[in-house]
Amino acid sequence: MELAGYLAAGYNYVNVDDCYSEKERSPEGDIVASKERFPSGMRNLTSQLHEMGFNAGIYSDSGWFTCQLFPGSFQNEDRDIRLFREDWGFDYLKYDNCAVPFDEIIKEGMVGKYQRMADAIARLANSTGKPPMFFSLCQWGREQPWLWAKRFGQSWRTTDDIGPSWSSIASIINQNSFISWASDFFGHNDMDMLEIGNGDLTFDESKTHFTAWALNKSPLIIGTDLTKASEETLSILMNHEIIAINQDPVVGTGITPFRWGFNPDWTTDARHPAQYWSGESQNGTIFMLINVLNEPADMSFNLTESPWIRAGRQYSVRDLWSHTDNGTAVRSFTAHDVPAHGVVALLLKDAGDEPEGTQPPCQRLEWCMDQNGTRIDQP
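Note that the sequence shown ends on residue 847 in the working numbering; no numbers are left out.
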C-alpha cells in the first residue's frame, strides 16, 4: 500500500472491523484476537503498520456483543480501551451500536452508551499522557448525533449502512444535504465507507460517490479489496485535487446545497438529492453539480447563487476531474451533457472585474433597483 501511493495520497489509517476476535473473552476477561486471522497477534500488526507510517484502527461495540456476535465492550470499557491502546497499539476506535442493554445509563438517554467509552478513552489518556484514541461513533444517525457527538468523538455515522448501489449513494447524499453544516475541524459527519470498486456502480456513479463524500468532509475510508482494484477505481480513489479539498488545512467546513434542482429547495427525496452545492476552500470556491436523472442533462447556475462568490467579478474555472483549466465564467456557468448520475466538480478563483459593458448591468435582477424603486437594467 505504501509503495502504491495510498499513504502519500493521505490514506493514513488501516482499520480492522468486526470479526477479528474469538467468540469468548479470556479467563481474565480480555478480548482475544482470532488466532486464525491474526496468528502473529495484534501488537505485531500495529507495529508493522506504524513502521510503514500508517495509524491502526480497531472496532468494538457499545453493547453486550458486536453486530456479528463477537464480544462487545459493555461493562468493559476501561479494560478494553487499555487493551486496544496500550497492549495492542491501536490509534482509532470504531464503536458500533448493536446489542445495547437497557440499563440505568440508557434510561437517561441513548447518548450515554457512547459517553461511557468516551470517558474511558479520556481516563486512559490522562493516566498515560498519550493522545486519546480517535473515536468514531458508528451510531447509524439515530438520535441525531450531529448535534451532540462532537462532545465525545471525532466522527459520527449519519445513516444506516451503505451499500454498493446508486440508490444507497443517492439516499445518503439526500440525508446529509440537511446536516452538511455539522462537519468542521475535529468533528465530521461520517457518510460510511467508500463502495468504489464494489457492486455494479458505474464509473460516473463512483465519481459522484467519491466527490460527494470528499467535499462534504466525510472521512474517506476505502471499503474495497485493493489487491483487485481496477485502474478506473484507482483513478477515482487517488484524485489528488478532490482529496486536497477533503484535507484542506485552512477550511474545515464542507459544501452545502444552494439549489435542489429536480425538486423544490429543502425537499427530501432519497432518489433525487440536492443537485447544486458550493463551499469554501483555501484556494477558491468549490462547486459540485450532481445529475440525479437517468439520462444526460445540461446543468446551469448563476455564480452568485453561492454565498462565496462576489458580484461583478469573473472567475477562472478548474475542472477537478479532467484536471484542466477551462477559461473564465462571467455571472453564470453551464455544464453540458453531464452523464446520468454523474458529477461535475469545479474550483472557481477570482480573476478580476467582469468585462466592461457586461449586460444587463446587474448580476441578478433583484439587485438592479435605484432609490425610486426603478429597475436600472431597463431602458
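Cβ atoms here follow ideal geometry from the backbone N, Cα and C, with glycine treated the same way. These numbers come from a predicted model, not from an experiment.
Classify Thr802 as buried or exposed, calling it buried when 16 or more other Cβ atoms lie within 10 Å of its own Cβ. By 1-based counting over the sequence shown, the position of residue 802 is 334. When all chains shown are included, Thr802 counts as exposed.
Give the DSSP bridge partners of Glu748, in chain order. Counting from 1 along the sequence shown, the entry for residue 748 is found at position 280. DSSP, once it has assigned bridges, lists Thr753 as partnering Glu748.
Using 8 Å as the cut-off, can you tell me whether the region 785-792 makes contact with the region 720-728, which would need three or more C-beta pairs spanning the two stretches below that distance? no
Beta carbon of Leu605 nearer than 8 Å to that of Tyr563: Position 137 of the sequence shown holds residue 605. Position 95 of the sequence shown holds residue 563. Going by C-beta atoms, Leu605 is nearer than 8 Å to Tyr563.
My assumption, with CB atoms under 8 Å, is that Ala441 sits in contact with Glu545. Please give the rounded CB distance. Outside the displayed range of the chain (469 to 847) lies residue 441, so it cannot be described from this structure.
Residue from Met510, Val484, Ile641 whose Cα sits closest to the Cα of Ala682: Counting from 1 along the sequence shown, the entry for residue 682 is found at position 214. Of the listed residues, the one whose Cα sits closest to Ala682 is Ile641.
Which whole-angstrom value is the C-beta distance of Ser530 and Lys581, which I expect to be below 8 Å? Here residue 530 corresponds to residue number 62 of the sequence shown, with the count starting at 1. Here residue 581 corresponds to residue number 113 of the sequence shown, with the count starting at 1. Indeed they touch by this definition, with Cβ atoms about 4 Å apart.
Taking only the alpha-carbon atoms, compute the straight-line gap between Pro847 and Gln839 and give it to the nearest angstrom. As a position in the sequence shown, residue 847 is number 379, starting the count at 1. As a position in the sequence shown, residue 839 is number 371, starting the count at 1. For Pro847, the predicted structure reports a pLDDT of 48, less than 50, and the residue's modelled location is therefore unreliable. The matter cannot be settled from this model.
Could you check the C-alpha separation between Glu709 and Ser749 for me, to the nearest Å? Working through the sequence shown from its first residue, we reach residue 709 at position 241. Working through the sequence shown from its first residue, we reach residue 749 at position 281. If you take the alpha carbons of Glu709 and Ser749, they lie about 12 Å apart.
Residues bridged to His656 (per DSSP): Taking the sequence shown and counting its residues from 1, the one referred to as residue 656 is at position 188. Paired residue(s): Ser623.
Runs of beta strand (DSSP E) lying entirely within the region 519-552, each at least 3 residues, in chain order: 523-529
Short of 7 Å in beta carbon distance, which residues of its chain neighbour Gly697, apart from the five on each side in sequence? Order them along the chain. Taking the sequence shown and counting its residues from 1, the one referred to as residue 697 is at position 229. Looking at the sequence itself, residue 697 is Ala, so the reference to Gly does not match. Only Gly665 meet the Cβ criterion.
Considering only the alpha carbon of each residue, which of Lys817, Asp693, Pro764 lies closest to Trp776? Walking along the sequence shown from the start, residue 776 turns up at place 308. Considering only alpha carbons, the answer is Lys817.
Sequence-distant residues of the same chain with beta carbon closer than 7 Å to Phe522, five excluded per side: Taking the first residue of the sequence shown as position 1, residue 522 is located at position 54. If we look at Phe522 and ignore the five residues flanking it on each side, its Cβ neighbours are Leu475, Asn480, Tyr481, Val482.
Contact defined as beta carbons within less than 8 Å: I believe His809 pairs with Asn759. What is the distance between those atoms, to the nearest angstrom? Residue numbering aside, residue 809 sits at position 341 when the sequence shown is read from its first letter. Residue numbering aside, residue 759 sits at position 291 when the sequence shown is read from its first letter. About 6 Å separates the two Cβ atoms, so the contact holds.
Between Gly631 and Glu663, what straight-line distance do the alpha-carbon atoms span, to the nearest angstrom? Along the sequence shown, read from residue 1 onward, the residue named residue 631 stands at position 163. Along the sequence shown, read from residue 1 onward, the residue named residue 663 stands at position 195. Straight-line Cα distance between these residues: approximately 7 Å.
Looking at the strands, I want to know which residues DSSP matches up with Phe570. What you label residue 570 is simply residue 102 of the sequence shown in a count that begins at 1. None, per the DSSP bridge assignment.
Identify the continuous alpha helix (DSSP H) that holds Lys491 and give its terminal residues. To locate residue 491, count along the sequence shown from 1; it is residue 23. Careful: Lys491 lies outside any alpha helix (DSSP H) and carries neither H nor E.
Do the CB positions of Trp624 and Asn657 come within less than 8 Å of each other? On the sequence shown, position 156 is the one that residue 624 refers to. On the sequence shown, position 189 is the one that residue 657 refers to. Closer than 8 Å, so yes.
Taking the straight line between their C-alpha atoms, what separation do you get for Thr627 and Glu504? Taking the sequence shown and counting its residues from 1, the one referred to as residue 627 is at position 159. Taking the sequence shown and counting its residues from 1, the one referred to as residue 504 is at position 36. About 32 Å.
Do Tyr783 and Ala742 have their C-beta atoms within less than 8 Å of each other? Start at 1 with the first residue of the sequence shown, and residue 783 comes out as number 315. Start at 1 with the first residue of the sequence shown, and residue 742 comes out as number 274. Cβ atoms of Tyr783 and Ala742: not closer than 8 Å.
Step through the CB atoms of chain B and report whether any lies within less than 8 Å of the CB of Asp486. Here there is only one protein chain, and chain B is not present.
Give me, in chain order, the residues of the same chain whose beta-carbon lies closer than 8 Å to that of Gly557; leave out the 5 immediate sequence neighbours on both sides. Position 89 of the sequence shown, counted from the first residue, corresponds to residue 557. Closer than 8 Å at the Cβ level, and outside the excluded window around Gly557, lie Met510, Arg511, Thr514, Ser515, His518, Ala524.
Does Arg505 come out as helix, strand or coil in the three-state DSSP assignment? Position 37 of the sequence shown, counting from 1, holds the residue named residue 505. DSSP places Arg505 in the coil class of the three-state scheme, outside both helix and strand.
Candidates Ala813, Thr792, Arg739, of which the one nearest Met767 by Cα: Position 299 of the sequence shown holds residue 767. Of the candidates Ala813, Thr792, Arg739, the one whose C-alpha sits nearest the C-alpha of Met767 is Ala813.
Reduced DSSP secondary structure (H/G/I, E/B, other) of Met854: Since the first and last residues shown for the chain are 469 and 847, residue 854 lies out of range.
Taking 8 Å as the threshold (C-beta atoms), are Phe602 and Gln583 in contact? Here residue 583 corresponds to residue number 115 of the sequence shown, with the count starting at 1. Here residue 602 corresponds to residue number 134 of the sequence shown, with the count starting at 1. No, the pair does not count as a contact, with Cβ atoms beyond the cut-off.
Quick one, which of Pro495, Ala477, Gly497, Pro507 has its alpha-carbon nearest Tyr488's? For the purposes of this step, residue 488 is taken as residue 20 along the sequence shown, with counting starting at 1. The option with the nearest alpha carbon to Tyr488 is Pro507.
Any idea what DSSP makes of Pro847, helix, strand or coil? On the sequence shown, residue 847 is found 379 positions in, with the first residue counted as 1. Caution is warranted here: a pLDDT of 48 is assigned to Pro847, below 50, making its placement in the model unreliable, and no coordinate value can be reported.
Determine the DSSP secondary structure at Tyr479, reduced to helix, strand or coil. The residue you call residue 479 lines up with position 11 of the sequence shown. Three-state DSSP puts Tyr479 in coil, outside helix and strand.
Mind checking which residues open and close the beta strand (DSSP E) that includes Asp587? One-based indexing of the sequence shown puts residue 587 at position 119. Per DSSP, Asp587 belongs to no beta strand (DSSP E); it is in the alpha helix (DSSP H), 580-596.
Just to check my reading of the structure: Leu815 and Ala797 have Cβ atoms closer than 8 Å, yes? What is that Cβ distance to the nearest angstrom? As a working mapping, residue 815 is identified with position 347 in the sequence shown. As a working mapping, residue 797 is identified with position 329 in the sequence shown. Contact doesn't hold; Cβ gap of about 11 Å is too wide.
For Trp608 and Asp486, the rounded distance between their alpha carbons: As a first step, residue 486 must be located in the sequence shown, where it is residue number 18. As a first step, residue 608 must be located in the sequence shown, where it is residue number 140. When the Cα atoms are used, Asp486 and Trp608 turn out to be separated by approximately 16 Å.
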